[in-house]
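Novice: Dumping the structure here so I can ask a few things about it.
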Amino acid sequence: MDKDNINISSSKPVNIIDADDDMEEIDVDDDVHVEQNGGATDKNQGRGRKQSIVWKHFNKPDPVPPEGARTACIHCKKSYVYEPSQNGTSAMLNHLRKLCKFDPLKCQVDKKQTTINFVGNGTDGKLQCGRFTKELGNHGVVVLALMMMLIANGETQGTREIGVGVILDMDSHVGKSIRISILMAIKDFYRDTNHSTTIIVPHFRDSKHDNVEASSAAIDLMKNTQVMAIIGPQKSSQTDFVLDIAQRSMVPVISPATNPDLSPIRNPYFIRIAHASSTQAQPIAALVESFGWREVVFVYEDTDFGRGPIPYLSDAMVNISTQVKYRSLLSPSFSDDKILQELYKLKTMQTRVFVVHMLPDLASRFFKKADEAGMMAQGYAWIITDVLTGLLNHLDPVAIDSMQGVLGVKPYIPPSNQLTSFEKRWKRRFHKEYPDDIDRVELDMFGIWFYDYVVGLAIALKSIDQIKLSTTFKKPRKASTDLAAIGTSEMGPTFLPMIRDIRVKGMISGDFQVVNGQLQTSAYQIVNVIGKGEKPIGFWSSRNGISNRIINNGSSDYTSNKDNLGAIIWPGDTSEFPKGWEIATGGDKILRVGIPTKGGFIEFVQASIDPKTKEVNASGFCIDIFKAVIDALPFNVRYKFIPYVNPNGEPIGDYNDLVYQIFLEKFDMVVGDVTILYNRSNYVEFTLPYSESGVSMLVPNKVDDSKNMWIFMRPLEMELWITIGGFFIYIGFVVWVLEHRVNKEFRGPPHQQVGMIFWFSFSTLVFAHKEKMMSNLSKFVVIVWIFVVLVLTSSYTASLASMLTVQKLRPTLTSIYELKARGDYVGYQDGSFVVDMLKKMGFHDDKLKKYTNIQEYANALLNGTTKNGVSAIVDEVPYLKMLQAKNCNKYVMVGPTYKTAGFGFAFPKGSPLVTEFSRAILKVIEEQMRDISDNWIRDEAECPGKNVDVEPFEKLTLESFKGLFIVAGLSSTCALVIFLFMFLYENKEILVSDDSTRHKLTTIIQNFDKKKDLITSETKTVDDSNEYIEDNMMNYPPMSPAISDYHQSEGVFSPASSTYQSPAISDYHQSEGVFSPASSTYQ
């Protein structure tokens, strides 16, 4: 038996599926097994026995006409067409064994039998037999196999059909791939699943690559077949048509269309079993960024599919600062000559990186012509998008051979044994169905995804409640159009949520997920077209960026490093990656270099036009730098200078206008004393600066009058002078308080004590104090204060010496704020951005004067504000230094230098020349900058007689000594507090007395003014000595007491004389802290 066909209906008997429906082909020998009759030794004898036994269960006509007759089973009353010349009774036997559940004999079905069909009512599990012929073999047999499996498991009772329409371009490789995968998924699922209450029945339609055909097929499937869902169409334009119709009828559309404009969010009845082409923008951008390409060209087909991802790719390039230089739009209807013409146009551009987004048919022709145009050679880089990369196996070998070195990205499907096994079965199936395509049989990603989705769909349908299941459409009573007559699916709203979110683990594509109608993916694979196919070289994920392997856990650092990719063979069979651009094609491109023209500052740039030859002669510091950079480039560049002048040769506009000409594509770059500014960077891109940066102020010098009689006051600011004086008085007061009670030098009349305060503190300035400190606290205070005085006097002496011996010149102004406060005039260079800076600082227009050259600068400074000149020039540092060098010691730069980026070369945004020129500038700065500068700008240090310091003198400020004063103040204050605490403690009896506050205060003041015994701590020692003397005196005859004199100045006791001889009385020497013997005389 070759092929079988079956269709099951839950509501009525169904005829054989028509020839337009494609079903799976299976071998009956694989799906219907009968046993061999071992008792029949003769072939004819066995056949006769079988026929006689089988006829016992059927109504046999008598006689049987030669052409056959209709008979019926006596058990189930189902009819059957008996044809003796073709089938015999084999089909009748199979009917009894499969449907009536018994085997009337043990014998093999007649192998000559070639027809069988089952048509019946699935609700009661009984089938009516009918005719089946070979001619229907190519249009479906999978349902027969499914039904046989269900019958074998006793599961036909209550099985309901779920009709699903399938609209594909049946002659396309993708359409064939999806079709086979759908049929295999249905067969595999129901073969391995028990107790299924539903069965998916596909109804195939051919869209014939036409939008209208696809729409017509959709209407037919919904109106006549009443399918619950539609798989397909496969093209974005077709899907857009069908989706509008299906949404009105509440029928989900399950399509591989990749156009991001078809959004499952905006179209709830749309389910995308593919990745929106916008999702590949990030991996492609990461690939471009990893190689440092700054320019790309998009080449895409002029269809909904082709135009869809371009806005997203453009945004991704902007995010990595890569410019899309050109967009080449190719129609699938273009002839090969038209494609070749477009390629030659691309070849004339300097960009050599192309991103190609096409379907295989157009891509095959395109790359063949690109190879013919010489654009698959060394120096070119090609990147193809996911659909084309995933369908490379659909291209013919000649096209693959022309694509050598191309890079591609595609969704990553992890390899597995399950996938390998499925691919082998899929290829066998494909070979049976399409034997003419055997040389190009490869399973693609769409076939894998639709296999997984249909399995997931079948799993979801198992949960449908049989009672609520309805496969009919609710039609309006009156329908004015065919679209209105379709009606709406009763199960659509219920069915939709089940198929928009499907998650199945362990499928052939891995963990298969459809979330909110969109197929999910975690990574993209990057491949290199080599030989007859592709070679994986890396991966991209949103978490890790480019990597050489899939990282499921661990680091989440995103990177776009090309070193993470495997070895790549580029076009031209080279391993050296392309730089992505070329200056010229065929040596006919010349770099247009715009240069400024102005009357002054010709040392920086000067341009002149020969009236006869019209050749431009350029010179100056900036021009020499440019020529040195050109020589340092690793490639040859042809250029020509173009002055920015009007037709009469007169300068036009300012530097902003000059730079803007690059944006208008009148110049390829601008060379000159062009400052790198933020507002200019909005429409051009600058190289690294090659000059000093900053804006400063230049003012005249004046001779410093060092013979001023108050010059000694200048080293210190007035604030510091006042602070020093205050501390002198405070320290003197603290020392007086600490010494007043114990030191006679700090006692006496009030005026003498006040004088002592000032005398002592100021005498420390020259370390001339000779008063002896008696208190430890005062000694501590004086030590700290002397250190402070030492630092102050040293600093003052050094500063004053510098003023008197070094500085001879000083500026007339010290800061731009002083200039503004005085209301003087200030000059600037005509056409410079400095004027805007001055206005932002608050200078009025009537105080600003513009000049065009260095001589005008010098004259204006010489005249000054009073003689219609200016008091200062504000300009960029290079110009001011040139003015200084030409006028040695006359001018000086003062005030803060406002940072700018310096001079640089300007290019169009995204130009790859920026990087190359910047590298060359670094080389020139290191090796040649000094020589070039000496040729044009004489260093100020070479001025004759440059031996004076013209920097403005800076006075010593309080801020410089604040720490010292804090230490001195804290130490003296702490000593004072400690003294007061001790003094009050000694007089605590007064504080706790019941006297009035006034009396207490008066008493304490009086006690403070009293002279304190010098050695209070040694009073007890003296008393003990006296007692010892008194005890010894008792052993002597009566004598007059010894009288000793106390010499306060020496701080010791000395012997005194009397009229009688007294015993020796020791003198107490305070300075030595001991008693010494003394003699006395008795009168």
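Take the sequence shown: its position 375, counting from 1, is numbered 663 in my numbering, and each next residue is one higher.
All C-beta atoms, glycine included, are put in the ideal place defined by N, C-alpha and C.
Is it right to say E1215 is buried, meaning 16 or more other beta carbons lie within 10 angstroms of its own, or is it exposed?
Specialist: exposed
Novice: Do we get a CB-CB distance below 9 Å when we pair D725 with the residues of chain C?
Specialist: Protein chains in the displayed structure number just one, and chain C is not present.
Novice: Determine the DSSP secondary structure at C1262, reduced to helix, strand or coil.
Specialist: helix
Novice: Please return the same chain residues whose Cβ sits closer than 7 Å to the Cβ of L1126, not counting the five positions on each side in sequence.
Specialist: Excluding residues within five positions, the ones whose Cβ falls inside 7 Å are V1114, Y1116, L1136, V1162.
Novice: What are the start and end residues of the beta strand (DSSP E) that includes S1281?
Specialist: No beta strand (DSSP E) holds S1281; DSSP gives it neither H nor E.
Novice: Might you give, ordered along the chain, the residues of its own chain that have their beta carbon closer than 6 Å to the beta carbon of R237, omitting 5 neighbours on each side?
Specialist: The question about residue 237 has no answer here: the residues shown for the chain are numbered 289 through 1371.
Novice: Count the other CB atoms within 10 Å of the CB of F1000; is the residue buried (16 or more) or exposed (fewer)?
Specialist: exposed
Novice: Here's the rule: buried if 16 or more other CB atoms are within 10 angstroms of the residue's CB, otherwise exposed. What is I834?
Specialist: By the neighbour-count rule (16 or more Cβ atoms within 10 Å), I834 is buried.
Novice: DSSP three-state label for E449, please.
Specialist: When secondary structure is reduced to three states using DSSP, E449 falls in the strand class.
Novice: Based on Cα-Cα distance, which residue from T485, I474, V452 lies nearest to R493?
Specialist: V452
Novice: Whose CA, out of S979, G1130, R1207, lies closest to the CA of G1111?
Specialist: G1130
Novice: Excluding the 5 residues preceding and the 5 following A1256 in the sequence, name in chain order all residues of the same chain whose CB lies nearer than 6 Å to its CB.
Specialist: The residues are V1072, W1073, V1076.
Novice: Using a Cβ-Cβ cutoff of less than 8 Å, which residues in the same chain neighbour I572 once the five nearest sequence positions on both sides are dropped?
Specialist: So the qualifying residues of the chain are L601, A604, V643, I671, T673, V697.
Novice: Under three-state DSSP, which class holds Y1179?
Specialist: In the three-state reduction of the DSSP assignment, Y1179 falls in the strand class, which pools E and B.
Novice: What would DSSP say about V1162, mapped onto helix, strand or coil?
Specialist: strand
Novice: Let me make sure I understand the geometry here. Which of K1128, G1119, N1156, N1147 has the alpha-carbon closest to that of K1138?
Specialist: G1119
Novice: Provide the residue span of the beta strand (DSSP E) that contains W828, from first to last.
Specialist: For W828, the uninterrupted beta strand (DSSP E) run begins and ends at 821 to 829, by DSSP.
Novice: Quick check: I455 and A505, are their CB atoms within less than 9 Å of each other?
Specialist: yes
Novice: Below 8 Å on the Cβ atoms is my guess for F800 versus G744; work out the distance and round it to an integer in Å.
Specialist: 6 Å
Novice: Reducing DSSP to helix, strand and coil, say where H497 ends up.
Specialist: coil
Novice: In angstroms, rounded to a whole number, what distance separates the CA positions of W828 and H682?
Specialist: C-alpha separation (whole angstroms): 24 Å.
Novice: For K902, is the classification buried or exposed, using 16 other Cβ atoms within 10 angstroms of its Cβ as the cut-off for buried?
Specialist: exposed
Novice: Could you tell me which of E870, I839, G819 sits nearest to I856, measuring between CA atoms?
Specialist: G819
Novice: If I follow the unbroken alpha helix (DSSP H) through G678, where does it start and stop?
Specialist: Residues 674 to 678.
Novice: Please state whether the Cβ-Cβ distance between N1177 and A1146 is less than 9 Å.
Specialist: Their beta carbons are not under 9 Å apart, which means N1177 does not touch A1146 by this criterion.
Novice: Where do the N-terminal and C-terminal ends of the beta strand (DSSP E) with P620 fall, by residue?
Specialist: Neither: P620 is in no beta strand (DSSP E) and is coded neither H nor E.
Novice: Under three-state DSSP, which class holds K1137?
Specialist: strand
Novice: In terms of residues, what are the limits of the beta strand (DSSP E) holding I834?
Specialist: 833 to 835
Novice: To which residues of the same chain is P1325 closer than 6 Å at the C-beta, ignoring the five residues directly before and after it?
Specialist: With a pLDDT of 48 at P1325, under the threshold of 50, the modelled position of this residue cannot be trusted; read the value that follows with caution. Excluding sequence positions up to five before and after P1325, its CB lies less than 6 Å from no other CB in the same chain.
Novice: Per DSSP, what kind of secondary structure is K276 in: helix, strand or coil?
Specialist: Only positions 289 to 1371 of the chain appear in this structure, which leaves residue 276 out of reach.
Novice: How is the alpha helix (DSSP H) around Q570 delimited, first residue to last?
Specialist: According to the DSSP assignment, Q570 belongs to the alpha helix (DSSP H) that extends over 569 to 578.
Novice: Could you check which residue in G1020, K886, V792 has the C-alpha nearest to that of T1140?
Specialist: K886
Novice: Helix, strand or coil for W998? Go by DSSP, reduced to three states.
Specialist: coil
Novice: Would DSSP call D590 helix, strand or coil?
Specialist: coil
Novice: Assign W998 to one of two classes, buried (16 or more other C-beta atoms within 10 Å of its C-beta) or exposed (fewer than that).
Specialist: exposed
Novice: Should S537 and G805 be called a contact, given that it needs their Cβ atoms to be closer than 9 Å?
Specialist: no
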